[in-house]
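Below is one structure; the comments refer to it alone.
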Amino acid sequence: MYTGALFMLGCHTFDCVQNLPDKICFCPQAEFNGKPDSLFFNDGVRRIDFILVYEDEDKKEFEKRHTFQRHKRRREYFEASLMKMGMELEATKSVVDEKLLFVKVHMPWDVLCTYAEVLHIKVPLQPNDLTSHYSPWRIFSCITKHFQPNEELIGKESDFFTAPFEKERQGYFHIKDKDLFFTPSMRSKMAFYILTRAPYEIRGNVKKFGITKLLNSGVYKAAYPLHDCRFNVKSKEPDCPNERYLLYNEWAHPKSFYKMQPLDLIRKYYGEKIGIYFAWLGFYTTMLALAAVVGLACFIYGYKTQETSTWSKEVCDPEIGGQIVMCPQCDHFCQYWRLNSTCEASKDTQYCVYMIVSLFLIVGCLFFPVPVCFLPSVTLFLEFWKRYQAELEYEWDTVEFLEQEELPRPEYEAKCIYERKNPITGVKEKIPYTTCGRCVRVSIGIGTVLFWIMLILASVVAITVYRLAVFFAFSTSLRTQGLKELEPIKEYVTPQMATSVTASLINFIAIMILNTVYERVAIWITDFELPRTKTDYENSLTLKMFLFQFVNYYSSCFYIAFAKGKAVGYPGKPVYLVGAYRNEECDPGGCMIELTTQLSIIMSGKAIWNNIQEVLLPWVKNLISRHCTRVTSENTIPRWEQDYRLQPVSKLGLFYEYLEMVIQFGFVTLFVASFPLAPVLALVNNLFEIRVDAWKMVTQFRRIVPEKAQDIGAWQPILQGVAILAVATNAMITAFTSDMIPRLVYYWSFSVYPYGSNTDHTMKGYINSSLSVFSTSDFSNASKKYQKLFLFRYRDFRYPPGHPRQYEHNVYYWHVIAAKLAFIIVVEHIVYFTKFILSYMIPDVPYAVKEQIKREKYLTQVILHETNLKLVTKWIINKAKLNTQDHSIITSNTVQLNNKVY
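Residue numbers (the numbering used here): 346 to 1247.
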C-alpha cells in the first residue's frame, strides 16, 4: 500500500514534467472580493490550503530583468507542476502593494485522499465506546475547575477510533462532510508536502524541485498556511471555528496566566509537534514548583540565620578577625589586609552554606545533603513525564508513528545520485553519498565541533587571565583608596567580588557572541552532512548545538566550582599560571559566593536576552511593517495579506525553545547545591515563558505548518544525561567548593579532645584552625618587600613555621580529604541506586493506557476485517448474480435454438 502510494506520487510528478505545455497562463487571476475574513477562493466554495507570495517580475528594475525573467520561468513551471498534480490555484493582487501577488492553493477531495494515504494520516473510523479511566485526581476537581479553560468556548473533542486513511476504503471511515473531514492543519500539511516536491526546472537528467529552494532564491517571497481569523476579533464568516481567537483569549492573553493550557486545541491548530512542546514545558514548570518552594525556604532560612553564625561572628569581631593579618593575594602590588574587611562577604558565604545545610534539613535528609534529596526528584520528573507523554501519544494518535513513515527531506532527495540495495526491503534505492563519503562528511562535522569547543576553552582561559590581571588592580585600589561614592555598598565591594562581577559580565557577552557565530556554523555543518529525514536533521543539529552550548554556558561555572583556588600552593611557594600570573585564590570563606554570582548573572542575563529576541524584536518588526503599509484598518485587507505582514516562522521551529529550556534545566540541576534559588528563578521565568511563547506564536507569527511528533526527540536522552551528571557535580560542589565538610569535620572531631580544648562540640575556634601561619622570613627573594610583619595567615591546612614538617599538610587536611571522598562515594552510590530503583518501579506507559491501546488495535482490526469481509461477500454475491444471469441467458438461448430446430 505504501509503495503504491509512493508510486502514485511519482506518476503525478512524472506526468507533470512530461506533459507541460510551452506557453499557457498557468494560474488564473481574480480580484479581491472585499471579504477580508474569507478563507476561500472567490467562488466561496474552495478552501484556501496554502498561500504563495511573489513580486510581479514585469514591474522589477530593468537592469535585473534577465534574473527576474528566469525567476518568472521557474515560477510558472512550478505552478504548472502543481496544477498537473491536481491542485487548484487562484492569484489575487495585493490591495496594499501593487507589485505583490498572492497565489491561493486549494486541494480537491481526490488529491486530499491520495496524499492522506501517502502520509499515513490517521482519521476517524467510528466513535470510541471505551469507558474513560477514572483518575484519582478527580477529587480535586472542585478546585482545579477554576484553572481550566472555559469549557463553553473550548469544548471537549469527540473521541474516535482511528486508522491510517485508505482511498479505496473511504466509504468505511466516519465521513459526514467531505469539506470538514480533513482538518485545516491536515490539509496544510498535505499541501506543504506537495509544494516541497513539485519540480520547477529540469535540465537534462537534473531535476530541481521544492518551494524551499524557490524561497531561498527569491522566486517566492513567502509560503504559509492561513490563520483562521484575527487574534483579537472574531471572524464575520459563517462556520468559522475562530480557533486563533479562542487560543488568544484562553491561552495567550495575560489575563489567562493562571489557567491550564488547552493542549488539545493547540495540537488541533498547530499540530502534534507544537502541542508536545507546550505539554512538556507545562509539565516541567509544574514539577519546578516543589523544588522552588524548597529553594525559597532555604533562602529565607539562610537569610534569617546568617547573623547567628559563629564563623561570621568571629570574622567580624574586631578582637578576632580584626587581629588576623592575611597574606597579600598577589606578589607586587597587593598589601596585607585584615580578615574582618571581608565581614559582609563572609556572611554571604555563610549564607550559602546555610542554604545547603537547610536544603536537606527541610526535606528531612539529615545525613545526606542536596544530591540525595533533590536529584531523585529529577528522576521522578523524567519518569512521570514519560508516563504523561504516553497518554498524549494515545490521545493524539501518535502511538504508531514510526520513523519508517517519515519520508526523506527534499534536500536529501535532490542529491541522490548513487544506488544501493536497501538492507530491509531488498529494493534498489538512490542515496546522495557512498559509505566513504558519509564518513568524510561526519568527520568534518566532528572536527569542526571540536575546534569550536576548543575555542570556548580558550575564551575561558582568556577570562581567567583577565581575572588575575584585574584582581591585582582591584586589590591595589580598593585596599588603599577610599570609596566614598560607593558608601552604601562599600563593605560588599571587595577585590574578589569586583573581579567576579566584571568577569561574569564579560563572560556572558562572550557566550552570546560565540552562540551567534556557532549557530550559523552548526547549521552549515548539518546541511553538509545531508541527514535523510527531518528528524535525523534535527537530532544531528541538536547534538551539535547542545555540546557547544553546554561547554559555552557551563565551562566558567565548572572552572569556579572545581578549579579555582584548588592549586595555589602557599605564600612561600605559590603556583603561577603561564609563568607570570599567580593562580587565583578563593575568599577565606570559599568560592561558593562567586559561583552563585556567576550563575545569577548568566541565568538572568540569558532570560532577559532571550525575551528581547523572542518578544521585543518581532513586535517592533510587525509595528514597523504596519506603519509602512499605510493602511489604517485591517477591515480592508484580506486574510492572506494580514498574515503576510506577520513575522515568518524560523526554519528550525521549536529548536531554540527546547535548547533554551534544556540549558536552564542544566543550571537548575547541575549547580543547585550552590544556588538553591535557581528553581525559583526558573519557575518564574517559565511561567512567563509559556505565555510569552503563546502570545508570540498566536499574535506575531504566521501560522506554522503542522508537523507530527511522538515525543520530544533527542532532548529526552539529553535530559537524562544531564540528570546523571548532576549527581556528580552537586556532590563535588558540596564536598570541594563549599566549606560544609571542613566545618563538619571540625565540629565533630577537632573542636573536642584530643584535637581541641572544648568540652562540647562547637564551631568556636574554627577560624583559627582553618587558617595556617606563615613567617615572612620564609619569603623568596622576590618577595622581600613583605617582610614588614613577622607572621600572617593564609587559607589552608598546613603545619606552622618551626614545625619539623613546616608548610606540609597537617592531619586536619587529611581528615577533611578523607571525609570529602567518603561523602562523594556514599552520596553518588545512594543517589544512583535510588534513581535506578525509581526508574525500574515506575513504568513508562500507564497500565490503563496499555489496555486502551490494545483494545483500540483489536477493535480497529475487527472493523477492517469486517470491511474486507463485506467487500468479499459483496463481490461473491455480485459474481453469483452475474453467473445466474449468464445461466438464464444461456438456457433461454438453448430453448430458442431447440424450438427453431423442431
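Glycine included, every Cβ here is placed at the ideal spot set by N, Cα and C.
Backbone CA spacing between residue i and residue j [nearest angstrom]
i, j, result
"E588", "E1005", "28 Å"
"F554", "V866", "26 Å"
"F729", "D609", "20 Å"
"A1225", "K1219", "10 Å"
"C370", "Q1045", "No answer about C370 holds up, because its pLDDT of 48 lies below 50 and its placement is not dependable."
"S1094", "I870", "57 Å"
"V1272", "F527", "Only positions 346 to 1247 of the chain appear in this structure, which leaves residue 1272 out of reach."
"I1198", "Y739", "7 Å"
"P716", "L641", "Per-residue confidence for P716 stands at a pLDDT of 45, beneath the threshold of 50, marking its modelled position as unreliable; the derived number appears in the next sentence. Distance between the alpha carbons of P716 and L641: 17 Å."
"G379", "Q987", "14 Å"
"I1069", "Y1177", "8 Å"
"T459", "E435", "22 Å"
"T1229", "V1207", "32 Å"
"V315", "S722", "Lying outside 346 to 1247, the shown extent of the chain, residue 315 is not represented and no answer is given."
"W1159", "L1136", "24 Å"
"S804", "V862", "14 Å"
"V960", "Y1001", "14 Å"
"L1015", "S901", "13 Å"
"L828", "Y1144", "In this prediction, L828 scores a pLDDT of 45, lower than 50, which makes its location untrustworthy; the coordinate-derived value is nonetheless stated afterwards. Cα to Cα, L828 sits roughly 38 Å from Y1144."
"I520", "T489", "36 Å"
"K438", "V1037", "34 Å"
"V794", "G950", "25 Å"
"S1120", "S1184", "57 Å"
"F873", "S885", "11 Å"
"Q493", "M605", "5 Å"
"S1102", "P1149", "23 Å"
"D1056", "I621", "7 Å"
"N767", "I776", "10 Å"
"K417", "H411", "10 Å"
Limits of the alpha helix (DSSP H) - the one that residue i falls within
i, result
"H465", "Here H465 belongs to no alpha helix (DSSP H), and DSSP marks it neither H nor E."
"P1024", "1023-1040"
"Y538", "529-540"
"A1076", "1060-1077"
"Q943", "937-956"
"Y646", "617-650"
"R1088", "1085-1090"
"G1011", "1000-1015"
"T655", "655-661"
"K380", "Taken as a continuous stretch (DSSP letters only), K380 belongs to no alpha helix (DSSP H), as it is neither H nor E."
"F526", "523-526"
Host beta strand (DSSP E) of residue i (start-end)
i, result
"R1150", "No beta strand (DSSP E) contains R1150, which DSSP labels as neither H nor E."
"H1160", "No beta strand (DSSP E) contains H1160, which is instead part of the alpha helix (DSSP H) from 1156-1186."
"K553", "551-554"
"F505", "505-509"
"Y545", "544-548"
Opposing strand residues paired with residue i [DSSP bridges]
i, result
"K918", "Y915"
"N685", "Paired residue(s): none; N685 is not in a bridge."
"T871", "Partner(s): none; T871 has no beta bridge."
"T981", "DSSP lists no partner for T981."
"S1117", "Y1139"
"L397", "V448, A568"
"R927", "Y921"
"R1047", "None; R1047 has no bridge partner."
"P1099", "Paired residue(s): none; P1099 is not in a bridge."
"P472", "F505"
Nearest-angstrom Cβ-Cβ length linking residue i and residue j, presumed shorter than 8 Å
i, j, result
"P472", "S503", "7 Å"
"G1058", "E883", "6 Å"
"I798", "F891", "Between F891 and I798 the Cβ distance is about 12 Å, and since that is not below 8 Å, they are no contact."
"W1060", "Y1152", "Actually they do not touch by this definition, with Cβ atoms about 51 Å apart."
"P1024", "F644", "Their Cβ separation, rounded to whole angstroms, is 11 Å, which puts P1024 and F644 out of contact at 8 Å."
Interface flag, residue i vs chain D, CB-CB below 7 Å
i, result
"I947", "Protein chain content of the structure displayed is limited to a single chain, and chain D is not contained in it."
I'd like the ranges of any beta strand (DSSP E) spanning at least 3 consecutive residues and lying wholly in the region 742-793.
763-766, 773-776
As an exercise, report each continuous alpha helix (DSSP H) stretch of at least 4 residues that is fully enclosed by the region 410-458, in chain order.
410-429
Return the chain-ordered ranges of every beta strand (DSSP E) run that is complete within the region 567-613 and spans a minimum of 3 residues.
567-569
Sequence ranges, alpha helix (DSSP H) only - wholly within the region 845-913, length at least 4
879-907
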